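Single-structure report; data block below.
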Amino acid sequence: MYTKRLLRAATLAASLTVGAAGTALADARDYEFRLVTTEVKRGEAMIAVRLVHKATGRAVPDAVIYATRLDMAPDGMPTMTTPVGAVPGGEPGTYRFRADLVMAGGWQFTLTAKVQGEEGTVESRLNLRAVP
Ligand SMILES: [Cu+2]
């Protein structure tokens, strides 16, 4: 989009004085992951998240998610983790994962990703609840 390109040019000009690292962070901060549902049943669960461009609310497809972590930090068990597996398919901008939520209670889902064409890294920490 033309206006976005103009904005980019302005940002780039600003970065010449602020420094490249500041620009990279500003870009990544425009995006965040959001849980589709915050409550799932304990046991084998499907967890769906949307990657959202915060200013417009639009879902962002084709992000490269290169790190995930699921632990019970919200319930004071940060070292209690469970493996997370990506599940292909679903709507564009929605990313699905399978995990065995072995214990009921609060879980924290951390995702680290690159958005196509943007500088920097998106990291989101999402709180979900496994119910018995
Ligand atoms: Cu636990």
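Mind the numbering: the sequence shown is residues 6 to 137 in the working numbering, read in order.
Beta carbons are placed, not taken as given, at the ideal position from N, Cα and C, and that holds for glycine.
None of these values were measured; they are calculated from a predicted model.
Item: So is the beta-carbon of G110 under 7 Å away from any non-hydrogen atom of ligand 1?; Value: yes
Item: With 16 as the cutoff for other CB atoms within 10 Å, does L30 come out buried or exposed?; Value: Only weak support exists for where L30 lies, its pLDDT of 46 falling under 50; the coordinates are left without a value.
Item: What are the start and end residues of the beta strand (DSSP E) that includes G90?; Value: V89 to V92
Item: Work out the CA separation of P137 and T115 for me, nearest whole Å.; Value: 22 Å
Item: With a cut-off of 8 Å, do at least 3 Cβ pairs link the stretch 77-84 to the stretch 36-52?; Value: no
Item: Evaluate Y71 with the Cβ neighbour count: other Cβ atoms within 10 Å of its Cβ, from every protein chain shown; 16 or more gives buried, anything less gives exposed.; Value: exposed
Item: Out of L133, L75, A60 and A33, point me to the one whose CA is closest to A91's CA.; Value: L75
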